[in-house]
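Chains V and X are the protein sequences, given in the same order. Numbering-wise, the first sequence is residues 1 to 394 according to our numbering. Numbering-wise, the second sequence is residues 1001 to 1604 according to our numbering. Beta carbons are placed, not taken as given, at the ideal position from N, Cα and C, and that holds for glycine.
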Amino acid sequence: MNGKKDLELYIHIPFCLQKCLYCDFLSFPAKRSMQAEYMDQLRCEIASQGPWYAKYQVSTIFIGGGTPSVLDGEQITLLMQAIKRSFVLAEDAEITIEANPGTQLAQKLPIYRQAGINRLSLGLQSAVKEELRFLGRIHSYDDFLMGFQQARLAGFTNINVDLMSGIPGQTRESFKQTLRRVIMLKPEHISAYSLIIEEGTPFGTHYGQAEAGEDDLRGWPAPVDEEEDRQIYHMTKVMLEEAGYQRYEISNYARPGCACAHNIGYWTGQDYLGFGIGAASYVGGCRFSNETDIHRYLLLDFSSGGLEHLHGGLHRQSRKEQMEEFMFLGLRMACGVSNVQFVHEFGVHMESIYGDVIEKLAAEGLLLQEGAAVRLSDWGMDISNYVMSQFLLD
Amino acid sequence: MANIDQKNIRNFCIIAHIDHGKSTLADRIIEKTGLLTQREMQDQILDNMDIERERGITIKAQTVRIVYMAKDGQEYIFNLIDTPGHVDFNYEVSRALAACDGAILVVDAAQGIEAQTLANVYMALDHDLDVFPVINKIDLPSADPDRVVEEIEDVIGIEAQDAPRISAKTGLNIDEVLEAIVEKIPAPGGDADAPLQALIFDSLYDSYKGVIIFCRIKEGRVKKGTPIRMMATGAEADVVEVGYFGAGQFHPCEELSAGMVGYITASIKNVKDTQVGDTVTDRKNPCKEPLPGYKKVTSMVYCGLYPADGAKYPDLRDALEKLQLNDASLFYEPETSIALGFGFRCGFLGLLHLEIIQERLEREYNLDLVTTAPGVIYHVHKKNGEMITLTNPSNLPDPTEIEYMEEPIVRAEIMVTTEFLGAIMKLCQERRGVYLGMEYMEETRALLRYDLPLNEIIYDFFDALKSRSRGYASFDYELKGYERSELVKLDILVNREEVDALSFIVHAASAYERGRKMCEKLKEEIPRHLFEIPIQAAVGGKIIARETVKAVRKDVLAKCYGGDISRKRKLLEKQKEGKKRMRQIGNVEIPQKAFMSVLKLDDE
Chain V
1 MNGKKDLELY IHIPFCLQKC LYCDFLSFPA KRSMQAEYMD QLRCEIASQG
51 PWYAKYQVST IFIGGGTPSV LDGEQITLLM QAIKRSFVLA EDAEITIEAN
101 PGTQLAQKLP IYRQAGINRL SLGLQSAVKE ELRFLGRIHS YDDFLMGFQQ
151 ARLAGFTNIN VDLMSGIPGQ TRESFKQTLR RVIMLKPEHI SAYSLIIEEG
201 TPFGTHYGQA EAGEDDLRGW PAPVDEEEDR QIYHMTKVML EEAGYQRYEI
251 SNYARPGCAC AHNIGYWTGQ DYLGFGIGAA SYVGGCRFSN ETDIHRYLLL
301 DFSSGGLEHL HGGLHRQSRK EQMEEFMFLG LRMACGVSNV QFVHEFGVHM
351 ESIYGDVIEK LAAEGLLLQE GAAVRLSDWG MDISNYVMSQ FLLD
Chain X
1001 MANIDQKNIR NFCIIAHIDH GKSTLADRII EKTGLLTQRE MQDQILDNMD
1051 IERERGITIK AQTVRIVYMA KDGQEYIFNL IDTPGHVDFN YEVSRALAAC
1101 DGAILVVDAA QGIEAQTLAN VYMALDHDLD VFPVINKIDL PSADPDRVVE
1151 EIEDVIGIEA QDAPRISAKT GLNIDEVLEA IVEKIPAPGG DADAPLQALI
1201 FDSLYDSYKG VIIFCRIKEG RVKKGTPIRM MATGAEADVV EVGYFGAGQF
1251 HPCEELSAGM VGYITASIKN VKDTQVGDTV TDRKNPCKEP LPGYKKVTSM
1301 VYCGLYPADG AKYPDLRDAL EKLQLNDASL FYEPETSIAL GFGFRCGFLG
1351 LLHLEIIQER LEREYNLDLV TTAPGVIYHV HKKNGEMITL TNPSNLPDPT
1401 EIEYMEEPIV RAEIMVTTEF LGAIMKLCQE RRGVYLGMEY MEETRALLRY
1451 DLPLNEIIYD FFDALKSRSR GYASFDYELK GYERSELVKL DILVNREEVD
1501 ALSFIVHAAS AYERGRKMCE KLKEEIPRHL FEIPIQAAVG GKIIARETVK
1551 AVRKDVLAKC YGGDISRKRK LLEKQKEGKK RMRQIGNVEI PQKAFMSVLK
1601 LDDE
C-alpha cells in the first residue's frame, strides 16, 4: 500500500460483429472507421479524467462490451498505454478483457498479454450447437475450444468462461453437457447467468407476444419454465462445487483465490470509474454515468476536463441510499453482508435499521444469519429481486 | 311580475331518447326567448353538473322560467322543466311530468323512435299531458323526417304531420316550436283561493338557504310566512322565500299561486324532509288530500364503497354526507369488510346512479375507491317465518335456516333492428329472461318484451346489449316485483381464506359458470407470491371451481453490466412500489383492481 485509495476502471467497447438475439446491452456492429474514431475519443476521455484521480491507484481494469475483441489488437495496446499514462496502476492489478471466440483470437491474445492484460473472459454461453445458433452467437463450440487453448498458450492463467442457463429449448441434460465440457478445461472462473428475456430484444418481442397470446411460437423453442430453470441452476451449483468451484456470488463461481476482484468491487461499495458510452461510475459517494449516444459522445470536447459528458448529471448518494445499496448489493455475495462492516460504514447496527426486515425474510427462509453475517439462502438467491427490494427504506 | 294570468302560463317538459337533442333544444328555446345572450350560454345550460355534460345525460331535473312574446302580441310565461333522461331516474321523471301540462316529444330525424322514447311518451300520456312532436336533427345527411313522421303516427298514434322540423343545433325553425308551445300546450288550471296543494318535483340543498323545494302549485297560494307541511314526511316549516327560476339563478317573488312553477325555501335542513312527489300544504288551512302518485324512493342496487387508502374513511363519510344533502335517493350505512376494512354499503336507483356517485366521489372529492360487486335486494324467507331484505351477501343466513329466496324482476322493453333480433334474444335467454312477446314497429324494427331478473342486468347487460347489436338496441325497464328463485351465495376463497368483498348472490344454474370465470379473472389479477395460491369458488362450502396462482420460482436480475446500479435500483423500486397498491388478505396481497375486474365477466 502506498496510501492511495483503490479505484476500479471499466472501459466500455460497444461494438460487436452481430447483435445476439437476447442482448439488451449497449452494443452494436459498427464500421472500422467508427471504431477507430471511438477509440481515439475514449483515449481523450481517459486522458482528461486522469488528473482528477491522482490520489487513487487502479486496482482492477475491466474492458467489457459489446465485444472488445472485435477491435484490432493494436487498439487495445493503445488503450492500455493511455490508461497507464493517466493513472497509477497497482502492481497486482487484475486486468480483464472480454473476448468472443469468433473474433480471430489467435493473433490478438499475445498482444493482450503484451499490453498487460492478465485475465480473459471468454463468452461461450453454451457448448450445444443448436443453443448457440438459437442465441444468434457467431461462434461454435470448436471455436471456443481453440480460443481457450490459444489463451493458455499465450500465457493467460486466469480465464473466465461465461455460460447461460435458461436458453429456450435447453434441458437439464443439455446444460449438464455444457458444464461437463467446460469443467474439463479447468477455467479459473465460471459465470453462469440465467437468461432473462428482456423487453426490446428480438427474444423479448417474440416471447412477449407469445405470452400475451397474440401469436404462437412460430417454431421457436418454448421458453424454459421457471421450475426447470431453477433445477438447472441448482444442478449447476452442485456440479461446479464437486469440480472445486465455489459460488461466491449469485451467478459467479471460482476456484479458491480466483474470484473476480472487479466484480466484487461493485457489490462492496468500491470506487469505480467508467469510460466510454453508457459507462457507470461510483466515486466518493456519487453515482454518474456517461452519455449513451455514440454520435453525441464522439462530438464531446474532453479538453476542458469537465463533466459535460455525463448523462443525467451527478447523483450524490444519501445515507439512506448508501445503506440500501450496502444491503442489496452486498447480498449478491455468497458471504452476504456483515454487521461489523455496516457499523463501520454507518455507525449504527444493521439491526436498528433492518432488524424487522431481516427477521421476516429469515422466517420466510430467504435469509440466513450466521454470527455477524446475513446472507441469502439458496431459495433467497432464486428470488433475490424480491429479497433485495425489501431493503429499500421508505 | 305579479298578477300573471293563468292562461298565459305554459308548464311543459321535453321528452326524448338520450342523444336525440333534448338539452340542445332547451338551450335554443332559452336563447330565443332572449333570457340570455349567446355568450352567456354555457353550452348546455340545463345540464349543469360536469358529469351530466360529459355523458350527455340529464341527472337532476332542472327548471327554467322564460318570458316569450308570441305572434299574437301577448307575453307568455314558459316554465320548462327538464327531466332526467335515464331509466334509473324514472320516478323523478314521473314527478317532473306531473308538474307539467304538456310535453314536447323530440325525435331524431335519423334514428326515429327508440324504446326509451316510447316509455317516456307513455309515461307522459299516463299523466294526461298533451304531447306534440318535434323532428330534430333534420340537417343530418341521414335524416328522413317523412319516415319518422309516419313512424310517430303509426307507433305512438299522435298527430305528427305538422310537427316542427328543426335543427336544435343550428337553431333552424325554433320559432315554430315556440309558437307550438303557446298553441298546443294547455294553460294550467287550479283555484288560487283553494287550500294550498303543491307538488314537489325536486329539491336542492343550498348551504345558505337550506333546502330549496322545486314545486308546481296545483291549488291555492304560498308566500313568505306561510306555515307549510309536507304531507307524506310530516315535516313542517315556515316559508322564508318563494320565487321562480332564471337560468341558473333564483329570483325571489311575492307569491306563487295555482298554475305556477317555482321554489320555496323554509330553512329546512335535510332533503329527506322534502321527498320528490310529496305534497306541500298550508298547515293552518290544509287541503283535503295529498296529490296522487307519491312513492318513497327505494334503492334498487347496492354495493360496498371503500376508500383505497383506509385512512381516507372519514373523508369518504363526509363526501357521502354532502352528496346525500342533494340526493335523497342515495342511501348509505357503514359496513366493515375483512378484506377491505371500513367502508359503506350504499344503495342506488340503478347502475348509472351508482356510477355517477362513484365518479363524483372520485372527481369532486378526490377519493380513490374500491367498489364491491353491485347486488340487488333479495328477500330471504327464513324457516321461522321471518323475512329479511338482504343487501349485503355477507349477511345471508345459514342455508339451513332459509326456506326460500326471492329476487326482483323487471319488465324490460328492448327496441332492436330485426337483423340483431336473434343475438338479443339469445342474450336475454342467457340472462334468464322470460319472453313475453314482440311487436314489429316497422319492417326492420321490433320491440321485444322480456321479464328479466334485475341482478342479471345490473352488471353489464347494457354493454352486452350494445355490443351485440352494434349499438342499435335500446332498452328500458320498470320494476315488476319479486319472484321466487333458486339463489345461492358464491364465495371466493383466496389461499383458503374467504374474501367477503368478493362474495355475491347468483342463480344456482349460473353459479358454476360465474365461479369459473371469477377464478380465471382473479388468477390474472393476483400476482405470484412466494407460495402457491389456490383460488377457489365455493357454494355452501362446496368447491365448484379452482385456479392456482403458481409460486414465484425465479426472480433474479440478469448480468449487472458495468456496475450500472441505478438500473438495478429502479427495478427494485418498481417492485416495491407495486406492493403498495395491494390489499392484504391473510398472507396474500390482492391488487385493488382485482376487486373491480370481477364486475366485468361477460366475454363477448
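Checking 8 Å against the spacing of the C-beta atoms, do L105/V and V182/V come in under that value? As a first step, residue 105/V is located in the first sequence; it is residue number 105 there, counting from the start. As a first step, residue 182/V is located in the first sequence; it is residue number 182 there, counting from the start. Against a cut-off of 8 Å, the Cβ pair of V182/V and L105/V comes out as no contact.
Other residues of its chain near V1148/X: CB distance less than 6 Å, five sequence neighbours each side excluded: Counting from one through the second sequence, the residue named residue 1148/X turns up at place 148. Result list for V1148/X: V1107, A1109, G1112, I1135, in chain order.
G1515/X versus I1457/X - alpha carbon distance: Counted from its first residue, the second sequence places residue 1515/X at position 515. Counted from its first residue, the second sequence places residue 1457/X at position 457. Annotation: G1515/X to I1457/X spans about 18 Å, alpha carbon to alpha carbon.
Give a yes or no on contact between the stretch 1192-1205 of chain X and the stretch 1263-1283 of chain X, applying the rule of three or more CB pairs nearer than 8 Å. yes
Closer than 6 Å by C-beta to R1055/X: which residues in its own chain qualify, once you throw out the five before and the five after it? Chain order, please. Along the second sequence, one-based indexing puts residue 1055/X at 55. Below a pLDDT of 50, predicted positions are generally treated as unreliable, and R1055/X, at 48, falls in that range; no measurement from the model is reported.
Taking Cβ positions only, does A280/V come closer than 8 Å to chain X? In the first sequence, residue 280/V corresponds to position 280, counting from 1. With 8 Å as the cut-off, A280/V counts as an interface residue toward chain X.
Need the endpoints of the alpha helix (DSSP H) that D40/V sits in, please. Here residue 40/V is taken as the residue at index 40 of the first sequence, counted from 1. In the DSSP assignment, D40/V falls within the alpha helix (DSSP H) that extends over 32-49.
Of the residues I13/V, Q341/V, E37/V, F134/V, the one placed nearest G66/V, counting alpha carbons only: Numbered from 1 along the first sequence, position 66 holds the residue referred to as residue 66/V. Among I13/V, Q341/V, E37/V, F134/V, the Cα nearest to that of G66/V is on I13/V.
Candidates N118/V, I83/V, R85/V, G73/V, of which the one nearest I395/V by Cα: No answer is possible for residue 395/V: the residues shown for chain V start at 1 and end at 394.
Buried or exposed for I294/V, going by 16 or more other Cβ atoms inside 10 Å? Your numbering for residue 294/V matches position 294 in the first sequence. Buried.
Report the neighbours of E1547/X on chain V: residues whose CB is nearer than 9 Å to its CB, in chain order. Reading the second sequence from its first residue, position 547 is the one you call residue 1547/X. Near E1547/X there are no residues of chain V at all, since even the closest Cβ is about 16 Å away, more than 9 Å.
With a threshold of 6 Å on Cβ separation, who are the neighbours of D1193/X within its own chain once the five nearest residues in sequence on each side are excluded? Position 193 of the second sequence, counted from the start, is the residue given in the question as residue 1193/X. Excluding positions up to five away in sequence, the list is empty.
Using 10 angstroms around the beta-carbon of T1336/X, count the other beta-carbons present and answer buried if the total reaches 16, otherwise exposed. As a position in the second sequence, residue 1336/X is number 336, starting the count at 1. Label assigned to T1336/X: exposed.
Could you tell me if W267/V is buried or exposed, where buried requires 16 or more neighbouring beta carbons within 10 angstroms of its beta carbon? Residue 267/V sits at position 267 when you count from the first residue of the first sequence. W267/V comes out buried.
Could you tell me which whole alpha helix (DSSP H) segments of length 4 or greater appear in the stretch 1328-1401 of chain X? 1351-1364
Can we say the stretch 1296-1312 of chain X touches the stretch 1242-1259 of chain X, given the rule of at least three CB pairs closer than 8 Å? Output reads no: the stretch 1242-1259 of chain X does not touch the stretch 1296-1312 of chain X.
Report the residue from V1380/X, G1385/X, P1527/X, I1409/X whose alpha carbon sits nearest the alpha carbon of L1396/X. Position 396 of the second sequence, counted from the start, is the residue given in the question as residue 1396/X. Nearest option by C-alpha distance: V1380/X.
Option in P1314/X, D1282/X, P1188/X with minimal Cα separation from A1098/X: Reading the second sequence from its first residue, position 98 is the one you call residue 1098/X. Comparing Cα-Cα distances from A1098/X to each of P1314/X, D1282/X, P1188/X, the minimum goes to P1188/X.
Alpha-carbon spacing of G204/V relative to G371/V, whole angstroms: In the first sequence, counting from the first residue as 1, residue 204/V sits at position 204. In the first sequence, counting from the first residue as 1, residue 371/V sits at position 371. If you take the alpha carbons of G204/V and G371/V, they lie about 43 Å apart.
Which full runs of the beta strand (DSSP E) of 3+ residues lie inside the stretch 1471-1553 of chain X, going along the chain? Considered as a whole, the stretch 1471-1553 of chain X harbours 1474-1485, 1487-1494, 1504-1507, 1533-1539, 1542-1549 as its complete beta strand (DSSP E) runs of no fewer than 3 residues, in chain order.
With G147/V as the anchor, note down where its beta strand (DSSP E) starts and where it stops. Along the first sequence, one-based indexing puts residue 147/V at 147. Careful: G147/V lies outside any beta strand (DSSP E), inside the alpha helix (DSSP H) at 141-154.
Any beta-carbon of chain X closer than 8 Å to the one on E227/V? Stepping through the first sequence from its first residue, residue 227/V is reached at position 227. Yes, E227/V lies at the interface with chain X (some Cβ there is under 8 Å from its Cβ).
Listing by chain order, which chain V residues have their CB less than 8 Å from the CB of S1566/X? In the second sequence, the residue the question calls residue 1566/X occupies position 566. What S1566/X touches in chain V: A280, R287, S289, H315.
Partners in chain V for V1552/X, counting only beta-carbon separations shorter than 9 Å: Residue numbering aside, residue 1552/X sits at position 552 when the second sequence is read from its first letter. The CB of V1552/X comes closer than 9 Å to the CB of E226, D382, I383, Y386 in chain V, given here in chain order.
Nearest CA to the CA of A1235/X: which residue from M1123/X, T1279/X, E1031/X? Translated into the one-based positions of the second sequence, residue 1235/X becomes position 235. Checking every option, the nearest Cα to that of A1235/X belongs to T1279/X.
Less than 8 Å between the C-beta atoms of H138/V and L17/V, yes or no? As a first step, residue 138/V must be located in the first sequence, where it is residue number 138. As a first step, residue 17/V must be located in the first sequence, where it is residue number 17. Residue identity differs from the one stated: residue 138/V is Ile in this sequence, not His. In this structure, L17/V lies closer than 8 Å to I138/V by Cβ.
By Cβ distance, which residues of its chain are closer than 8 Å to Q114/V, with the 5 residues on each side in sequence left out? Residue numbering aside, residue 114/V sits at position 114 when the first sequence is read from its first letter. Closer than 8 Å at Cβ, skipping near neighbours: T77.
Can you check whether the C-beta of I1014/X is within less than 8 Å of a C-beta belonging to chain V? On the second sequence, residue 1014/X is found 14 positions in, with the first residue counted as 1. I1014/X does not count as touching chain V.
DSSP beta-bridge partners for C335/V? Within the first sequence, residue 335/V is the residue found at index 335, counting from 1. Partner(s): none; C335/V has no beta bridge.
State the start and end residues of the unbroken alpha helix (DSSP H) segment that holds K129/V. Position 129 of the first sequence holds residue 129/V. In the DSSP assignment, K129/V falls within the alpha helix (DSSP H) that extends over 129-135.
Cβ of M39/V within 7 Å of any heavy atom in the ligand NAD? Only the bare structure without any ligand can be found here, which leaves the ligand NAD out of the picture.
List, in chain order, every chain X residue whose beta-carbon is nearer than 7 Å to that of F328/V. Residue 328/V sits at position 328 when you count from the first residue of the first sequence. Correct list: L1572.
Specify, as a first and last residue, the run of the beta strand (DSSP E) that A1096/X falls within. Taking the first residue of the second sequence as position 1, residue 1096/X is located at position 96. No beta strand (DSSP E) holds A1096/X; the alpha helix (DSSP H) holding it covers 1090-1098.
If N252/V sits next to S338/V, beta carbons under 8 Å apart, how far is it from one beta carbon to the other, in whole angstroms? On the first sequence, residue 252/V is found 252 positions in, with the first residue counted as 1. On the first sequence, residue 338/V is found 338 positions in, with the first residue counted as 1. Approximately 19 Å separates the beta-carbon atoms of N252/V and S338/V; this is outside 8 Å, ruling out the contact.
Three-state secondary structure (DSSP) of M1415/X: Sequence index remark: in the second sequence, residue 1415/X carries index 415 (1-based). Residue state, collapsed to three classes: strand.
Under 7 Å from the C-beta of L392/V: neighbouring residues of chain X: Here residue 392/V is taken as the residue at index 392 of the first sequence, counted from 1. In chain order: L1572, E1573, K1576.
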